[in-house]
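Quick note: the sequence shown uses the numbering used here, first residue 52, plus one each step. Beta carbons: idealized from backbone N, C-alpha and C, even for Gly.
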Amino acid sequence: MADIPIFTTLEDLAAHLRQEIAAKNKKCTLIFAHNGTGKTRLSMAFKEQGKSYDEDGKTTARDTLYFNAFTEDLFSWDNDLENDRERVLRMNTASAFFDGLAELEMENRIRPILHRYCDFDFSINYRDGVITFFRDERVMKEDGSFETIRHDNIKISRGEENIFIWSFFLAVAQLAIDGQEAYDWVKYLYVDDPISSLDENNAIAVAAHLAKMLKDQDRLKAVVSSHHTLFFNVLCNELGKPWQFFLCCDTAGWQLRNTGQTPQFYHVAMLKELHDAAQSGKLYTYHFTILRSIMEKTATFHGFSHVGDVMKRDPNDEDGTLHFRYVQLLSHGGYSLFEPAEMLPENKDIFRTILTNFMTDYRFNPDLFPAAEAEETAA
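And the structure:
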């Protein structure tokens, strides 16, 4: 897709993207774009072009299972304002998204995904098209023993609701990947900004989980678009060599620019985030993961075969070798979604040293990184 022309409509761009994915047999395509550029509209244009209609305008076939803001709108809260008791999340069962789910034991498919992220549980009433939520609490009795108390009809937070809907979608997507009969029509997965209101730790976990799902299958083609730099960056690294594009638009129309495998603007944005975190002292374990990703892209750009080469100032640089071991060790591991782990003071010092050396050796625009004294943080 070199020398891509400017498209005057997103429908034309969607058609071109479909054609190129099919022609080049691309398994995963990633699109970065700022908010307001047209990501969601492109996802809708893409899925609409996979539909067929009869003479009455009724949909007779489709090929795209999608997740975007419209998917989230298929779920809405009924807070039982009159009695404030029977709070439920309603499903718009008129949508084909919910076709055939009652027979597929969706609770058992959604629950393992959901419990990666949250500790609440749920029940689906397919007849009424509603979902109720509950949480079990283990409490100590006066005699020292424990009992479990169930809190029914709870109202979950906005972040938990987003995670639940995302888990619901992933369970449906897995059905499509497995070729389940109710979803054997799916040829494309199109995911647009699944983490719009989630924190950085959620972004890492959601991106890693999605990447694993996409890597472990060969049945479907996937397109993922996002404005979130960390989410995009983690996907790029976890998927290996996906097709990467930057969606931009001006008065002439829209264009997909191929970012290739070299450091681009989003890596500078992430480096600025690391710099600001180091200055403030608010450093968490996942910042080592971001730093390693930036170093890997820099190594590729400068022609090095190994990320450790960008950290060594000469072949006998023992500090560079040691710092590489730290990055290797501290950039791996699991992350708690709602309890980001702050670095230990000594690891913060190591992180600042590695980051400073890296930015000294590979000079960036100093206007983006104003000097400031790091705040002292409590041990």
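TODO: Select from D114, D172, E71 the residue whose C-alpha is nearest the C-alpha of V237.
DONE: Counting from one through the sequence shown, the residue named residue 237 turns up at place 186. The residue from D114, D172, E71 with its alpha-carbon nearest to that of V237 is D114.
TODO: Buried or exposed for P293, please, with buried defined as at least 16 other CB atoms from any protein chain shown within 10 angstroms of its CB.
DONE: As a working mapping, residue 293 is identified with position 242 in the sequence shown. P293 is classed as buried because its beta carbon has at least 16 other beta carbons within 10 Å across all chains shown.
- [ ] Would you mind listing the alpha helix (DSSP H) stretches within the segment 126-192 that are 4+ residues and don't spill past its ends, in chain order?
- [x] With a minimum length of 4 residues, the continuous alpha helix (DSSP H) runs that stay inside the segment 126-192 are 157-165.
Task: C-beta contact flag for V139 and I82 at 9 Å - done: The residue you call residue 139 lines up with position 88 of the sequence shown. The residue you call residue 82 lines up with position 31 of the sequence shown. Going by beta carbons, V139 and I82 fall outside the 9 Å limit.
- [ ] Spatial neighbours of Q70 within its chain, please: CB distance less than 6 Å, with the 5 preceding and 5 following residues excluded, ordered by chain position.
- [x] Working through the sequence shown from its first residue, we reach residue 70 at position 19. The answer is none, since no qualifying residue turns up.
TODO: Classify H279 as buried or exposed, calling it buried when 16 or more other Cβ atoms lie within 10 Å of its own Cβ.
DONE: One-based indexing of the sequence shown puts residue 279 at position 228. By the neighbour-count rule (16 or more Cβ atoms within 10 Å), H279 is buried.
Open item on the list: Cutting at 7 Å between CB atoms, please list the residues of its own chain near C41, excluding the five before and the five after it.
Closed with: Residue 41 is absent from the structure shown; the chain starts at 52 and stops at 430.
- [ ] Counting only the same chain and skipping the five closest in sequence on each side, list residues whose C-beta sits under 6 Å from that of G359.
- [x] Translated into the one-based positions of the sequence shown, residue 359 becomes position 308. F375.
Task: For H202 and R36, believed in contact at Cβ under 8 Å, the rounded distance - done: Shown here, the chain extends from 52 to 430; a query on residue 36 therefore has no answer.
Task: Rounded straight-line distance, which links the Cα of F402 to that of A329 - done: Mapped onto the sequence shown, residue 329 falls at position 278. Mapped onto the sequence shown, residue 402 falls at position 351. Between A329 and F402, the C-alpha separation is close to 8 Å.
Open item on the list: Is it the case that the segment 153-173 contacts the segment 214-231, given that we only count it when at least three CB pairs across the two stretches are under 8 Å?
Closed with: With three or more CB-CB distances shorter than 8 Å, the segment 214-231 counts as touching the segment 153-173.
Open item on the list: What does the Cβ neighbour count give for T407, buried or exposed, with the cut at 16 atoms within 10 Å?
Closed with: Here residue 407 refers to the residue found at position 356 when the sequence shown is read from its first residue. Counting Cβ neighbours within 10 Å, T407 comes out exposed, since fewer than 16 surround it.
- [ ] Classify L356 as helix, strand or coil using the three-state DSSP reduction.
- [x] Working through the sequence shown from its first residue, we reach residue 356 at position 305. What sits at residue 356 in the sequence shown is Ser, not Leu. Correct three-state label for S356: coil.
- [ ] Could you check the C-alpha separation between G354 and R343 for me, to the nearest Å?
- [x] Within the sequence shown, numbered from 1, the residue matching residue 354 stands at position 303. Within the sequence shown, numbered from 1, the residue matching residue 343 stands at position 292. G354 and R343: Cα-Cα distance of roughly 16 Å.
- [ ] Report the three-state DSSP secondary structure of T91 (helix, strand or coil).
- [x] Working through the sequence shown from its first residue, we reach residue 91 at position 40. In the structure shown, T91 falls within a helical segment according to DSSP collapsed to helix, strand and coil.
Open item on the list: According to DSSP, simplified to helix, strand and coil, what is K272?
Closed with: Mapped onto the sequence shown, residue 272 falls at position 221. DSSP places K272 in strand when its eight states are reduced to three.
Task: Start-to-end residues for the alpha helix (DSSP H) that takes in G210 - done: On the sequence shown, residue 210 is found 159 positions in, with the first residue counted as 1. Segment 209-228, the alpha helix (DSSP H) holding G210.
Open item on the list: Between which residues of its own chain and T122 is the CB-CB distance below 8 Å, once the five residues before and five after are set aside?
Closed with: As a first step, residue 122 is located in the sequence shown; it is residue number 71 there, counting from the start. Leaving aside the five residues that flank T122 on each side, the residues in its chain whose CB is nearer than 8 Å to its CB run, in chain order, F148, I216, F220.
- [ ] Please report the residue range of the alpha helix (DSSP H) in which E62 lies.
- [x] Locating residue 62 in the sequence shown gives position 11, counting from the first residue. Where E62 is concerned, the enclosing alpha helix (DSSP H) stretches over 61-75.
TODO: Determine the closest residue to D172 out of G180, F184, R178, with distance taken between C-alpha atoms.
DONE: Numbered from 1 along the sequence shown, position 121 holds the residue referred to as residue 172. Out of G180, F184, R178, F184 has the C-alpha closest to the C-alpha of D172.
TODO: Taking F290 as the reference, give the member of G108, A258, G151 with the closest Cα.
DONE: For the purposes of this step, residue 290 is taken as residue 239 along the sequence shown, with counting starting at 1. Phe is not the amino acid found at residue 290; the sequence shown has Leu there. The closest CA to that of L290, considering only G108, A258, G151, is found on A258.
TODO: Taking 8 Å as the threshold, find out whether the segment 54-66 comes into contact with the segment 257-275 through three or more Cβ pairs.
DONE: Contact between the segment 54-66 and the segment 257-275 is absent: fewer than three C-beta pairs spanning the two stretches fall below 8 Å.
Task: Continuous beta strand (DSSP E) stretch holding I205: start and end - done: Numbered from 1 along the sequence shown, position 154 holds the residue referred to as residue 205. Annotation for I205: no beta strand (DSSP E) segment contains it, and DSSP assigns it neither H nor E.
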